[in-house]
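**Student:** Sequential numbering from 146 applies to the sequence shown in my numbering.
Backbone N, C-alpha and C define an ideal beta-carbon position, used for all residues, glycine too.
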Amino acid sequence: MYQAKAYSAASSTSPLASTKIPRRDPTDTDVQIEILFCGICHSDLHQLRNEWASVMPTVYPLVPGHEIVGRVMKVGSAVAKFKPGDLAAVGCMVDSDGTCPECRAGFEHFCPNLTLTYNFPDHHLGGVTYGGYSESIVVDQRFVLRLPSNLDLAGAAPLLCAGITTYSPLRQHRVTKGKKVGVVGLGGLGHMGVKLARALDAHVVAFTTSPKKKDDALRLGADEVVVSRNSDEMQKHVESFDFILDTVSADHDIDALINLLRREGNLTLVGAPSKPLAISSFSLLMRRRNLSGSNIGGIAETQEMLDFCAQHNITADVEVIPIQKVNEAYQRLLKSDVKYRFSIDMASLKVE
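Written out as structure tokens, the structure is:
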């Protein structure tokens with residue numbers, strides 16, 4: 146075991162502050178990674194504030210971060226996929242049982258014995274796992290991803306959550322050329338959804354409540370932009386979409402979106418509103434439409450996503466910050482004051 150520099154929160158009302166945390170020494174199957182950049186996900190803020198206490202209570206001290214890119218420092222004797230100096234990435238999970246039907250099918254994120262990257266029982270050291278707001282991390286090789294060298298490192302970090310969260314449903318629902326795809330919301334998830342759907346050669350329509358975001362949506366790759374509060378604009382698209390990706394976490398009129406689907410079209414939720422959404426059963430019944438949900442993806446699909454992004458030169462739009470400004474970034478995140486993700490330059494931790 147060794148001590149690593151990190152930023153942690155001591156309680157739900159505490160700011161993140163400099164500390165040291167234990168990390169295990171690499172075992173035969175482990176990869177030790179120097180963390181270069183770590184993205185800030187909105188779920189980091191939820192966890193810090195213990196807002197998911199009913200399903201995932203926060204254990205303090207909390208070290209957030211599950212959008213990790215870095216460089217391999219050391220590998221165990223049984224590791225063949227990585228060597229010191231390689232670029233590597235770690236996402237939302239760091240272990241699973243590897244034997245259940247979900248793992249065997251490549252859906253490790255649905256494993257009943259999944260270990261998340263932070264705030265989950267640590268079977269090696271006890272306590273809970275600590276995330277990427279740290280100078281290094283040790284992860285079993287099965288959950289370490291190859292990071293293509295042509296990707297900007299700061300912009301690649303959010304791909305490990307925002308990227309795979311939007312890529313997975315687009316692929317699962319066979320979005321490709323000739324498909325009309327809607328992306329609802331233009332935040333951290335939505336801007337990735339637009340970029341990825343465009344790269345899949347779909348006709349992309351971005352939905353936003355703000356007319357001010359039209360130009361940016363077009364810049365990101367949307368073919369059309371609809372202001373969802375404008376009933377005339379919405380009416381023009383009734384029964385025309387093959388697929389809609391809904392990234393919104395606030396309360397909104399999902400029925401109005403379902404009515405935009407063609408027969409047998411699908412609307413997939415990746416945002417998580419805190420209140421139940423009102424849905425008319427007839428919106429689904431009368432056109433045999435489908436409503437589904439999705440979260441991240443398995444390891445193979447996440448690697449596929451990274452390789453796809455490298456092929457199409459896709460990264461997140463990020464604002465790079467030093468770790469010392471992380472609390473300020475959280476306050477700005479609450480106000481949606483970022484285009485479109487924060488990425489922490491972990492070299493700044495060395496001055497602590």
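Hey, quick one: how far does the beta strand (DSSP E) through residue 183 stretch, first residue to last?
**Tutor:** Counting from 1 along the sequence shown, the entry for residue 183 is found at position 38. Where residue 183 is concerned, the enclosing beta strand (DSSP E) stretches over 175 to 185.
**Student:** Mind reading off the beta-carbon distance from residue 180 to residue 491? Whole number of angstroms is fine, and I expect it under 8 Å.
**Tutor:** Taking the first residue of the sequence shown as position 1, residue 180 is located at position 35. Taking the first residue of the sequence shown as position 1, residue 491 is located at position 346. Right, their Cβ atoms sit about 5 Å apart.
**Student:** With DSSP as the reference, identify every bridge partner of residue 232, one or two as the case may be.
**Tutor:** The residue given as residue 232 occupies position 87 in the sequence shown. Beta-bridge pairing links residue 232 to 216.
**Student:** What's the call for residue 383, buried or exposed, on a 16-neighbour Cβ count within 10 Å?
**Tutor:** Position 238 of the sequence shown, counted from the first residue, corresponds to residue 383. Per the 10 Å Cβ criterion, exposed.
**Student:** Could you tell me the alpha carbon to alpha carbon distance between residue 253 and residue 461, rounded to whole angstroms?
**Tutor:** Taking the first residue of the sequence shown as 1, we reach residue 253 at position 108. Taking the first residue of the sequence shown as 1, we reach residue 461 at position 316. Each residue's alpha carbon lies about 24 Å from the other.
**Student:** Taking only runs that begin and end inside the region 436 to 470, name each unbroken beta strand (DSSP E) of 3 or more residues, in chain order.
**Tutor:** Entirely contained in the region 436 to 470, the beta strand (DSSP E) runs reaching 3 residues are, in chain order, 463 to 467.
**Student:** Between the region 236 to 247 and the region 330 to 345, are three or more C-beta pairs nearer than 8 Å?
**Tutor:** Output reads no: the region 330 to 345 does not touch the region 236 to 247.
**Student:** Would you check if the distance between the CB atom of residue 405 and the CB atom of residue 391 is smaller than 8 Å?
**Tutor:** Here residue 405 refers to the residue found at position 260 of the sequence shown. Here residue 391 refers to the residue found at position 246 of the sequence shown. Not closer than 8 Å, so no.
**Student:** Using C-beta distances below 6 Å, list every residue in its chain close to residue 111, excluding the 5 sequence neighbours before and after it, in chain order.
**Tutor:** Outside the displayed span of the chain (146 to 497) sits residue 111, for which this structure offers no information.
**Student:** Strictly by DSSP, which residues pair up with residue 348?
**Tutor:** On the sequence shown, residue 348 is found 203 positions in, with the first residue counted as 1. Residue 348 pairs with 325.
**Student:** In the DSSP assignment, the beta strand (DSSP E) including residue 150 goes from what residue to what residue?
**Tutor:** In the sequence shown, residue 150 corresponds to position 5, counting from 1. Residues 147 to 153.
**Student:** What residues are listed by DSSP as bridge partners for residue 412?
**Tutor:** For the purposes of this step, residue 412 is taken as the residue at position 267 of the sequence shown. For residue 412, which the question treats as bridged, DSSP gives the partners 389 and 436.
**Student:** For residue 418, which residues does DSSP report across the bridge?
**Tutor:** As a first step, residue 418 is located in the sequence shown; it is residue number 273 there, counting from the start. Residue 418 pairs with nothing; no bridge assigned.
**Student:** Answer with buried or exposed for residue 232, where buried requires no fewer than 16 other C-beta atoms within 10 angstroms of its C-beta.
**Tutor:** Here residue 232 is taken as the residue at index 87 of the sequence shown, counted from 1. Result: buried.
**Student:** Check whether the Cβ atoms of residue 211 and residue 277 sit closer than 8 Å, and answer yes or no.
**Tutor:** Position 66 of the sequence shown, counting from 1, holds the residue named residue 211. Position 132 of the sequence shown, counting from 1, holds the residue named residue 277. Yes, the pair counts as a contact, with Cβ atoms nearer than the cut-off.
**Student:** Under the three-state reduction of DSSP, which class applies to residue 405: helix, strand or coil?
**Tutor:** Your numbering for residue 405 matches position 260 in the sequence shown. Here residue 405 sits in coil by DSSP.
**Student:** Kindly give me the distance between the Cβ atoms of residue 338 and residue 321, rounded to whole angstroms, as I take these residues to be in contact under 8 Å.
**Tutor:** Working through the sequence shown from its first residue, we reach residue 338 at position 193. Working through the sequence shown from its first residue, we reach residue 321 at position 176. 15 Å between Cβ atoms; not a contact.
**Student:** Should residue 429 and residue 422 be called a contact, given that it needs their Cβ atoms to be closer than 8 Å?
**Tutor:** For the purposes of this step, residue 429 is taken as residue 284 along the sequence shown, with counting starting at 1. For the purposes of this step, residue 422 is taken as residue 277 along the sequence shown, with counting starting at 1. In this structure, residue 422 does not lie closer than 8 Å to residue 429 by Cβ.
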